[in-house]
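K.L.:
Encoded as structure tokens, here's the structure I'll be asking about.
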Amino acid sequence: MVMQTLRQIRVPALVALALLAYVAAVPAQLNTKANIAATKHNLSASGPGTTKATAEDQICVFCHTPHAANATAPAPLWNRKLGGGTNDANTYAATYSPYQSNSLNAAEAVADLNGIKTLPPPGGTSKLCLSCHDGTLALGTVGVLDGKENPSAVAGLTGTMPEGLGKTTGFTRNLGVDLRNDHPISFTFDTTLASADGELRQPPYSAGGRTVVGPRSSDAKPMLPLDHEGKVQCTSCHDPHLEASRFLRLNRLQKVAPAGGDFIADNDQICLGCHNKLGTSWSNSAHANPLVADETYTPEAAATNRRDFLVNGSPAKVWEAACLNCHDTHSVQGSRRLLREGVSGSGTGADSSFYKAGSTASDPATSSEIAETCYQCHQGDATKVITGAVPDIKTQFTTKTRRMPITTDTQGYKKGTTPTYSSTERHNIGNADFIENPEQLGAGNHDNRHAECTDCHNPHRVIRNSLFNGEPGDANSTRRTHVAGGTAGLLGADGNIASGVLRGTWGVEPTYGAVTTWPQAPSYTVKYGDPGASKGTDRIQPYLTREYQLCLKCHSDYGGTAGGLMPWLGYTGGTSAGTMGLNRYTNVAAEFAVSATDPPSAAGKDQGETGNDSTFTPEATNHRSWHPVLMPTGRTSTERTGGSTTFTNIRAPFNTKANIGYQTMHCSDCHGGDATGLNEPTVQGPHGSNNNFLLKGIWSNAVKPGGIDSSNSNNYLCGRCHNPANTAGGFRNGDASHSFSSKQNSSCTSCHIAIPHGWKNKAFLVNLACVQREGGAGYSDSCTNVSGSSRVTIEPYYYRAILRIKTWQRSNAWTMGSCGSGSDSEDWMSSTCENGGS
């Protein structure tokens, strides 16, 4: 039957024998069969495609010839020139730009001065494919036709590979000579590479009684063959003779739920034949688990048909598209890491929300836009490529007043009279854990400051659960990304465990010495990797277990200081410089400098202090204060009230009496999307907000105790957790409480610091009677009395402050006479300061 078919298509005898040997050597593949006549590689007049010859009826001649074949070709009987040469009889001039990545571990990759590793030009059998697909030679340019060498191009095929929707889009087979947006080829895939990467199969790899990937030889016929040198080539994934989707040797889409173990050829997507992605870490992820990734692609042509995401004629689900949701092996030009639609700019044509034209820029870093890949799904219902409920993140980043510098054109910020940007994508991971070195985050060079989706999320590992150690298929309906306040059984101490969307990302854990100064910069331990089956939640785990570990890799001196200074405020979309008297970000890890014990011991806590000496001794008379983000404060309800009553000026879920003092919280309890009253934002996380500093509520000099009512209708930040209208707290009597008339109308920053992460005084109290280090730059460590203006702004912690403390008191012992200036003993805030006195 095969020989009869070959006679019918006029293949000369030698070519027929070669093809017969090829067919016999390759075992039957899944859902495929060798039938080139029925494929688009049949360029003869009988071919099924629209690109074909007008009269020529030979099928194999466009690639093969039995006589006068190209002697320099890596395969016998080749009938075309090869690119990359000098345009002689066997070659044509073509200079390729090979795949490059900072995380390449291939032995052939060479790094430049910026650490970007680039593969050498393509070689081996891949050059055979490129002789058509690089778009340089006419498709009909063959070496021999009907026994004649160097004929004119075959009639009807005088043009090069068609561009489809455009050569720079991901919907073209005209790959061009810029291969940086195409899957890497011509590199050695061996055990050394697999071990260095950490998420690849170890070749030769076998499963189900078959060799899945490994070198091809006369004795070995892997399903995904490497060439005789053990290198990945185009033919490792594609067989040009197969009647299969995109000539793929194995499944283009996932057939059943991924098991996360050995590759199952009947069920699994072809990508998983080489890419292991830590086994169940990927199969349990929110992008692969059918219990979670059950959204369906829309029926629009660009969203489904052009992506070839059809399953039995219906649009695929997200879990079926799997790797191809985010990656395309021949992606849009200008993208990095094969990210689908991962470039800046608007889309093209009527389907502009579904695909982009790409960029011809010489440096992908100026056109790459990682967030655009995520936005395909994470945007409004009218324009996303899938149907189903997923968070609309794009709106947060594109419409909110304050947002992180996630776009390429807002990265590399330089402050000046007219702020400038390098407009270069600074994000550049080094491995499968998405780790960047501190310098890449901005340490030593603030021009590298950036934010990308994958700085905070590892899409191969995220799960839908309130906790990272929860079950991946748990359809947890709560909109919060964590258990606010923690669980009662642990007295709230687990309230800062990282959520499922942070599973497997990386961060840093600060370690403090003896806290004898404040603020105190710690040392850091990098936390990375996936928890796997262990899922331990304590901070000593090697992987990230806390949200703050993620935040502090940028909001600290680990990745933030240059010349001893943190970055400037004021980039596009960022909070303006001068807001709340602040011009630079602060070292949050240093501000949170915690006590040596966890929680702090009760010894010496909340004791009264007489006078204002300049000695700072934590755990002594005037103990430190901090919001319980890194660890609990240890200040129980009994201590806060003197044991006389229940501490009532904290709202749910932080007001359970037994938990107060032991519970913890997240950075995202304060930082996140803006919301109304006490409600939670629709989209969780600090993506974008209409409030400064990416806060959920308003934080300004307008925030006053009197404006924080039971519903917090003014949307003030403090009122989301605090309810100062309730008097039971740190005051002995009514005239000293928050509910007293003058304090009701005084700004919170009149008495408390402007950046309430952590502070050298109890209860975040300012003290103009003794500024010390708390006063910021220009003030010595000695006690400095501030006189003159009654309202004092000293960057970064004092903003229009007026409080002077005469005598430090324990909780429930403060009176009006504890504060003031000189002989003040009455309502000094109202009579002296708030009314403009000095």
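Using this note's numbering, the first residue of the sequence shown is number -14, and each one after it goes up by one.
In this text, a Cβ means the ideal position worked out from N, Cα and C, and glycines have one as well.
Within this structure, are the beta carbons of T126 and R65 separated by less than 8 Å?
P.N.:
Yes, they are a contact pair.
K.L.:
Using C-beta distances below 7 Å, list every residue in its chain close to G555, excluding the 5 sequence neighbours before and after it, in chain order.
P.N.:
K400, P404, S561 and A562
K.L.:
Buried or exposed for V46, going by 16 or more other Cβ atoms inside 10 Å?
P.N.:
Answer is buried; the Cβ neighbour count reaches 16.
K.L.:
Is the region 635 to 645 in contact with the region 356 to 370, if contact means three or more CB pairs nearer than 8 Å?
P.N.:
no
K.L.:
Any idea what DSSP makes of W304, helix, strand or coil?
P.N.:
Helix.
K.L.:
Is it buried or exposed, P824, if we count other Cβ atoms within 10 angstroms and call 16 or more buried?
P.N.:
The structure shown does not extend to residue 824, since the chain is modelled only from -14 to 823, so the question has no answer here.
K.L.:
Taking contact to mean 3 or more Cβ pairs, one atom from each stretch, closer than 8 Å, check whether the region 176 to 194 and the region 321 to 331 are in contact.
P.N.:
no
K.L.:
Out of L211, I170 and H168, which has the shortest C-alpha to C-alpha gap to P188?
P.N.:
Residue L211 is the option with its Cα nearest to P188.
K.L.:
At a cut-off of 7 Å, is T649 close to the ligand FAD when judged by its beta-carbon and the heavy atoms of the ligand?
P.N.:
Annotation note on the ligand FAD: not contained in the displayed structure, which lists no ligands.
K.L.:
Identify the residues that DSSP records as bridge partners of H118: which are they?
P.N.:
DSSP lists no partner for H118.
K.L.:
Could you check where the alpha helix (DSSP H) with R625 kicks off and where it finishes?
P.N.:
S622 to T626
K.L.:
With a threshold of 8 Å, are at least 3 pairs of Cβ atoms found where one atom belongs to the region 112 to 126 and the other to the region 143 to 163?
P.N.:
yes
K.L.:
Mapping the DSSP letters down to three states, classify W491 as helix, strand or coil.
P.N.:
coil
K.L.:
Using only the alpha-carbon positions, how far apart do S137 and N75 sit?
P.N.:
If I take the Cα positions, the gap works out to 16 Å.
K.L.:
Would you tell me roughly how many angstroms separate the C-alpha atoms of N644 and G743, rounded to the nearest one?
P.N.:
If you take the alpha carbons of N644 and G743, they lie about 20 Å apart.
K.L.:
Within the same chain, show all residues whose beta-carbon is closer than 8 Å to that of V614, passing over the 5 residues directly before and after it, in chain order.
P.N.:
N481, Y533, F577, T649, M650, H651, C652 and H742
K.L.:
For the putative contact between T281 and I371, defined by C-beta atoms under 8 Å, what is the C-beta separation to the nearest angstrom?
P.N.:
6 Å
K.L.:
Under 8 Å Cβ to Cβ from V468, same chain only, skipping five residues before and after it: list those, please.
P.N.:
The beta carbon of V468 sits closer than 8 Å to those of S451, L452, D479, G480 and I482, all from its chain and outside the five residues before and after it, given in chain order.
K.L.:
Measuring only the C-alpha atoms, how far is S221 from E41?
P.N.:
30 Å
K.L.:
Report the residue ranges of all alpha helix (DSSP H) runs contained in full by the region 12 to 90; include only those spanning at least 4 residues, in chain order.
P.N.:
none
K.L.:
In whole angstroms, give me the CA-to-CA distance for D591 and E624.
P.N.:
In this prediction, D591 scores a pLDDT of 38, lower than 50, which makes its location untrustworthy; the coordinate-derived value is nonetheless stated afterwards. Taking the straight line from one Cα to the other gives about 8 Å.
K.L.:
With a cut-off of 8 Å on the beta carbons, I'd call D542 and A499 a contact; round off their distance for me.
P.N.:
With 8 Å as the limit, D542 and A499 do not qualify as a contact, their Cβ atoms being about 19 Å apart.
K.L.:
On a CA-only basis, which of S347, P349 and C733 is nearest Y784? Give me that one, please.
P.N.:
When each option's Cα is compared against that of Y784, the closest is C733.
K.L.:
Can you find a CB in chain C that lies within less than 8 Å of the CB of L160?
P.N.:
Here there is only one protein chain, and chain C is not present.
K.L.:
By a C-beta neighbour count over all protein chains shown, 10 Å radius and 16 as the cutoff for buried, is I738 buried or exposed?
P.N.:
A residue is called buried when at least 16 other Cβ atoms come within 10 angstroms of its Cβ; I738 meets this threshold and is buried.
K.L.:
Candidates T641, S674, L663 and G646: which alpha carbon is nearest G657's?
P.N.:
S674
K.L.:
Excluding the five sequence neighbours on either side, which residues of its own chain have a C-beta within less than 8 Å of the C-beta of A192, listed in chain order?
P.N.:
D247, F248, I249 and A250
K.L.:
So what does DSSP say about E326, is it helix, strand or coil?
P.N.:
coil
K.L.:
Report the three-state DSSP secondary structure of S806 (helix, strand or coil).
P.N.:
coil
K.L.:
Is the beta carbon of S266 sitting closer than 8 Å to the one on H445?
P.N.:
Yes, the Cβ-Cβ distance between S266 and H445 is below 8 Å.
K.L.:
What do you get for I525, buried or exposed, if any count of 16 or more other CB atoms within 10 angstroms of its CB means buried?
P.N.:
exposed
K.L.:
Would you call the CB atoms of L164 and Y81 closer than 8 Å?
P.N.:
Their beta carbons are under 8 Å apart, which means L164 touches Y81 by this criterion.
K.L.:
Smallest Cα separation from W304: which of Q239, P666 and N290?
P.N.:
Q239
K.L.:
What are the boundary residues of the beta strand (DSSP E) that S508 is part of?
P.N.:
S508 to K512
K.L.:
Tell me the DSSP secondary structure of H431 in three-state form.
P.N.:
helix
K.L.:
Among all the DSSP beta bridges, which residues are the ones paired with F172?
P.N.:
V217
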